[in-house]
Amino acid sequence: MTRRFQGLGVSPGVAIGQVYLLHTDSLPVVPYPIPPERVQDEVEQFHQAREQAREELREIKERVQAELGDSYAGILDAQLLILDDPSLVDGTVTRIKVGRVGAQWALKEVVAEHIRRFDAIDDEYMRERGGDLSDVHRRLQRLLSGQVASGERLPDGPKVVVAHSLVPSDAMTLAREDVVGLVTDVGGKTSHTAILAQALSVPAAAGLRDISQQVRPGDSIILDGETGEVQLLPDEAQTLQATQRRKAW
Numbered sequence: 025m026t027r028r029f030q031g032l033g034v035s036p037g038v039a040i041g042q043v044y045l046l047h048t049d050s051l052p053v054v055p056y057p058i059p060p061e062r063v064q065d066e067v068e069q070f071h072q073a074r075e076q077a078r079e080e081l082r083e084i085k086e087r088v089q090a091e092l093g094d095s096y097a098g099i100l101d102a103q104l105l106i107l108d109d110p111s112l113v114d115g116t117v118t119r120i121k122v123g124r125v126g127a128q129w130a131l132k133e134v135v136a137e138h139i140r141r142f143d144a145i146d147d148e149y150m151r152e153r154g155g156d157l158s159d160v161h162r163r164l165q166r167l168l169s170g171q172v173a174s175g176e177r178l179p180d181g182p183k184v185v186v187a188h189s190l191v192p193s194d195a196m197t198l199a200r201e202d203v204v205g206l207v208t209d210v211g212g213k214t215s216h217t218a219i220l221a222q223a224l225s226v227p228a229a230a231g232l233r234d235i236s237q238q239v240r241p242g243d244s245i246i247l248d249g250e251t252g253e254v255q256l257l258p259d260e261a262q263t264l265q266a267t268q269r270r271k272a273w
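If you read the sequence shown in the working numbering, its first letter stands for residue 25, the second for the next number, and so on.
Following this line, the structure appears as structure tokens:
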């Protein structure tokens, strides 16, 4: 049976394809006490992770600049600045030293405070910029845990990427693949989903609440980026109608 979901159209056009579910689950982080002699080691690990993150972001920025242009690449500058933000850096180091906790937990606590402040901002554009901080946080946590960046490839064929949210570092993964549409649970017209979709010139809808929990990889899906409507498991007549709308567009 066809299921319909209504969101906000953030990049016009009609997309027909199969669901590619992009998982961005946070890495599990738990607090653990560290002995006094290990405190400085944790601080150094945090700074090393920042340097590694800086190199990764610079590389991504160069590739994005080459493939998507200066406009989108500029978003990565915000993340490079976050890596040196005193409230993030000094706050994390202080929590490590005073609380005698691991760098991962100290960082998580500091970022959580900042995210709460972003969430409380009335201005939608500024509120959405909290996604940059979340992206940096995810990168730093991966580096602190010793995990390498995922090299996962998307399956062949037209794909509509479905995710809870999209972040700037997703740009290169999506730009090189046969992605015909983007759908996210959260976000609006100024979100990274909208900016990324416009840079890639693909239809997109945001603000569909929990659609990432309602779909399965490989499900057939139709997206209308003008109205924000998504049809899951459409029948032949609906697919034909969408094909005609896409040709007209």
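C-beta atoms are modelled at their ideal positions from N, C-alpha and C, and glycine is treated no differently.
For a cut-off of 8 Å, the C-beta gap from Val43 to Gly242 is around 6 Å, short enough to register as a contact. For Gln171, there is no enclosing beta strand (DSSP E), since its DSSP letter is neither H nor E. In its chain, beyond the 5 residues on either side, Val43, Val184 and Leu256 have a beta carbon closer than 6 Å to the beta carbon of Ile245. Comparing C-alpha distances from Glu61 to each of Ala102, Ile84, Lys121 and Glu91 shows the shortest one belongs to Lys121. Each of Gly37, Pro52, Arg151 and Ser236 was checked against the Cα of Lys132, and the nearest Cα belongs to Pro52. With 16 or more other Cβ atoms inside 10 Å of its own Cβ, Arg163 counts as buried. If the five residues before and after Thr26 are omitted, its C-beta is found closer than 8 Å to the C-beta atoms of Gln255, Leu256, Leu257, Pro258, Asp259 and Gln262, all from its own chain and listed in chain order.
The beta carbon of Ala266 sits closer than 6 Å to the beta carbons of Val38, Ile40 and Ile246 from its chain, once the five residues preceding and following it are set aside; these are given in chain order. If you ignore the 5 residues before and after Ile99, its C-beta comes within less than 6 Å of the C-beta of Pro192, all in its own chain and listed in chain order. For Ser35, the number of other beta carbons within 10 angstroms of its own is at least 16, and it is reported as buried.
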